[in-house]
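K.L.:
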Amino acid sequence: LEAEARFQRSPLHSVVAVSDEEYRRLHTAFSGFKKPFITFDEFCYHVLGGAPIPEDKQRELFKFCSRNSDTLSFENLLTALVGLCRIEQVQEHFIEECKEFASWGLRPPLLTIPMSDSYISFYEVMSYVTHLSVEEVMELEKVFATISDRSVCKLSKDRWDAALCGCFPMKFIDQLFRVFDENGDNQIDFRELVCGLSAMCRGPFPSRLSFLAKLWDEDCDARLSDSELQCMYEDLHVPPHDRTVVKSAGEKAAAVDFATWANENEYAKEHYAMAMEVGHICLGLRPESHRVGLALVK
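The sequence shown begins at 1 in the UniProt record's numbering and counts up by one.
1) Tell me where the alpha helix (DSSP H) around leucine 140 begins and ends.
2) Taking a contact to mean a Cβ-Cβ separation below 8 Å, would you say valine 194 touches threonine 130 in this structure?
3) Would cysteine 201 and tryptophan 216 be called neighbours here (beta carbons separated by less than 8 Å)?
4) Run through DSSP, which three-state label would phenylalanine 62 get?
5) Report the rounded CA-to-CA distance for leucine 252 versus aspartate 185, giving the unit in angstroms.
6) Quick one, which of Asp235, Arg59, Ile188 and Glu288 has its alpha-carbon nearest leucine 155's?
7) Inspect the beta-carbon positions of cysteine 282 and leucine 176 and report whether they are closer than 8 Å.
8) Label serine 127 either buried or exposed according to how many other C-beta atoms from any shown protein chain fall within 10 Å of its C-beta, with 16 as the threshold for buried.
9) Below 8 Å on the Cβ atoms is my contact criterion, and I expect serine 210 with alanine 255 to pass it. Report the Cβ-Cβ distance as a whole number of Å.
10) Can you tell me the Cα-Cα spacing of methionine 276 and cysteine 220, whole angstroms?
11) Taking a contact to mean a Cβ-Cβ separation below 8 Å, would you say residue 305 touches phenylalanine 190 in this structure?
12) To test your reading of the DSSP string, which unbroken alpha helix (DSSP H) runs of 4 or more residues are found completely within the UniProt domain "EF-hand" (168 to 203)?
13) Among residues of its own chain, excluding the 5 on either side of threonine 146, which ones have a beta-carbon nearer than 6 Å to its beta-carbon?
14) If I measure Cβ to Cβ from threonine 71 and keep anything under 8 Å in the same chain, skipping five residues before and after, which residues do I get?
15) Tell me the rounded alpha-carbon separation between aspartate 257 and valine 246.
16) In the DSSP assignment, find the unbroken alpha helix (DSSP H) run with serine 156 in it and report its ends.
17) Which same chain residues, not among the five before or five after cysteine 153, have their C-beta less than 6 Å away from its C-beta?
18) What does DSSP give as the partner residues of phenylalanine 37 in its beta bridges?
19) Going by C-alpha to C-alpha distance, which of Glu124, Lys142 and Leu140 sits closest to valine 134?
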């Protein structure tokens with residue numbers, strides 16, 4: 001972009017366009033990488049904050065900010081942020097030349113939160129879209145940092161297995177990993193971890209049971225086929241006369257069908273207990289009450 005390119009020729013303009021406090025905060029955050037540049041994966045995690053942005057749009061933003069380089073320096077990041085957020089001419093050119101990104105970003109269903117404030121942190125966004133508080137999200141990030149691969153800021157299958165310490169059936173461990181790995185890239189990022197823990201351990205009890213249904217949803221279509229139901233019945237040791245999950249989604253059972261059925265008996269009780277143990281003991285989510293904490297200890 002010509003306007004952005006002209007703006008980048010004068011780094012002083014970038015500094016002038018931000019306050020001392022803004023510059024200090026950005027520089028301090030970037031200094032945490034302990035290197036003069038960040039990669040595409042680090043940009044997606046730390047700058048975009050795990051937002052559900054399509055990969056092609058992520059790469060378009062990274063390409064813009066890095067000036068077509070494979071890595072992104074602090075100077076280029078600062079210039080791009082200032083240009084996109086403070087310089088109207090750059091904003092106009094960006095919208096004009098990146099129409100697909102602009103049209104995607106302006107569609108309300110794809111926005112995670114109404115941005116009424118001038119600044120909102122990633123923790124506040126995650127708190128807004130889950131059942132967790134800002135403090136709990138921040139605590140989980142500390143746990144995530146200790147169990148994940150810091151080079152890619154994601155939790156691999158090997159590290160997932162290590163975090164669960166071999167204390168649960170291997171099949172259950174594998175199933176739960178697949179459920180948390182929403183995008184199917186065989187890794188769990190921080191956003192996926194927070195959203196998964198929220199759905200599994202917080203919120204209404206029926207919703208937690210609906211989350212458990214995903215353990216047997218092999219094709220990830222949000223429904224359980226006959227073969228998937230059969231596998232579920234066998235895993236839960238359900239006798240033939242109690243294999244009565246309703247199929248309200250055509251020829252398949254919806255997650256709510258499983259939740260309704262599981263709420264009427266004790267067959268899913270052990271899997272639910274294991275899920276709570278994984279969430280609170282292995283992955284570090286604080287129990288929501290003393291009663292829950294006591295139940296986990298027992």
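For each residue, glycine too, the CB sits at the ideal point set by N, CA and C.
P.N.:
Quick look at the numbers:
1) 134 to 147
2) yes
3) no
4) helix
5) Reading the sequence as shown, one finds lysine at residue 252 and not leucine. Rounded to whole angstroms, lysine 252 to aspartate 185 spans 26 Å at the Cα level.
6) Ile188
7) no
8) buried
9) 4 Å
10) 22 Å
11) With the chain covering only 1 through 298, there is no way to say anything about residue 305.
12) 170 to 180 and 190 to 201
13) none
14) Phe37, Ile38 and Thr39
15) 6 Å
16) Per DSSP, serine 156 belongs to no alpha helix (DSSP H); it is in the beta strand (DSSP E), 154 to 156.
17) Tyr45
18) Ser73
19) Glu124
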